[in-house]
Amino acid sequence: MNTSAKCRIGLTGGIGCGKSTVAHLFQELGVVVVDADALSRALTAPGGLAIDDIRRSFGNEAIGLDGAMNREKMRALVFSDAIAKAHLEAILHPMIRQQTDQAMAKAKGTYVLLDFPLLLESKNWQERVHRVVVVDCPVDAQVVRVVARSQLVEAQIRAIIAQQVSREFRLAHADHVLDNSGGVESLKPQVEALHKLFKAMVCYS
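To convert, take the position in the sequence shown, counting from 1, and add 37; that gives the working numbering.
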């Protein structure tokens, strides 16, 4: 018989959809958020556990003068080379999985939130959570938001969006959808309603 377990909630969304804002709103409610991107950045920072494997696989040019992974160079490579993208993921994902599992196991509270943009790209990641929450907004809104916060131009942003799973795919695989076509004030009651639901939910390992 499956035993009850702390509920693991996966949070995802495309670039510029507002996933980080939603994660912050959950944190304000006292929820532990495990940030897979932050773990990935730590793994590829100077002295990070993934640096040696990345150097062996992609050469010294993949590592910056500061000893961290050269993000700009590697981003350009994986966007243009599917094999390189798969190879980098094969290095990082097992490490990220191990660290997210450890962090979620240690988290206090009735449920824990896994903030991970690539949650739906792999069935293995989906199977690690009990529910999937997708932050959604129109593609044009994504572009406007990313232009406002970054130095990327529209063509670059649309290229990134094209590399991610489609909006339709995310919505089809969502257990819950947070509509972020408006502002933060419209998000807050949606997050509060999910928080109430998740606190009362019973999950099994």
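Note that the Cβ used here is the ideal one computed from N, Cα and C, for glycine as well.
Just curious, the beta strand (DSSP E) that residue i is in, first and last residue?
i, result
"D89", "Taken as a continuous stretch (DSSP letters only), D89 belongs to no beta strand (DSSP E), being part of the alpha helix (DSSP H) at 88-95."
"V172", "168-173"
"V149", "148-152"
"D216", "213-216"
"I46", "44-49"
Roughly how many angstroms separate the alpha carbons of residue i and residue j, rounded to a whole number?
i, j, result
"H210", "S203", "11 Å"
"E99", "T137", "Correcting the residue identity first, residue 99 is Ala in this sequence and not Glu. Going from the Cα of A99 to the Cα of T137 covers about 25 Å."
"G219", "A82", "35 Å"
"I131", "P175", "Residue 131 is actually Pro in this sequence, not Ile. Taking the straight line from one Cα to the other gives about 32 Å."
"D103", "G55", "30 Å"
"S159", "I120", "16 Å"
"L189", "N161", "31 Å"
"G47", "A144", "14 Å"
Note the first and the last residue of the continuous alpha helix (DSSP H) segment covering residue i.
i, result
"V180", "176-186"
Taking 8 Å as the limit between beta carbons, can you name the residues of its chain near residue i, skipping five residues before and five after?
i, result
"C240", "S41, A42, K43, C44, R45, Y148, H167"
"A77", "For clarity, residue 77 is Ser in the given sequence; the question names Ala instead. If we look at S77 and ignore the five residues flanking it on each side, its Cβ neighbours are L129, I133."
"G85", "A79, A105, M106"
"Q227", "L215, D216"
Just checking my contact of residue i with residue j at CB under 8 Å: how many whole Å lie between their CB atoms?
i, j, result
"L157", "T49", "6 Å"
"V169", "D212", "5 Å"
"F116", "Q200", "6 Å"
Only counting the same chain, and skipping five residues up and downstream in sequence, which positions put a Cβ closer than 6 Å to that of residue i?
i, result
"D72", "D152"
By Cβ distance, which residues of its chain are closer than 7 Å to residue i, with the 5 residues on each side in sequence left out?
i, result
"A87", "L80, T81, I128, L129, M132"
With three or more beta-carbon pairs closer than 8 Å as the criterion, would you say the stretch 63-70 touches the stretch 120-134? no
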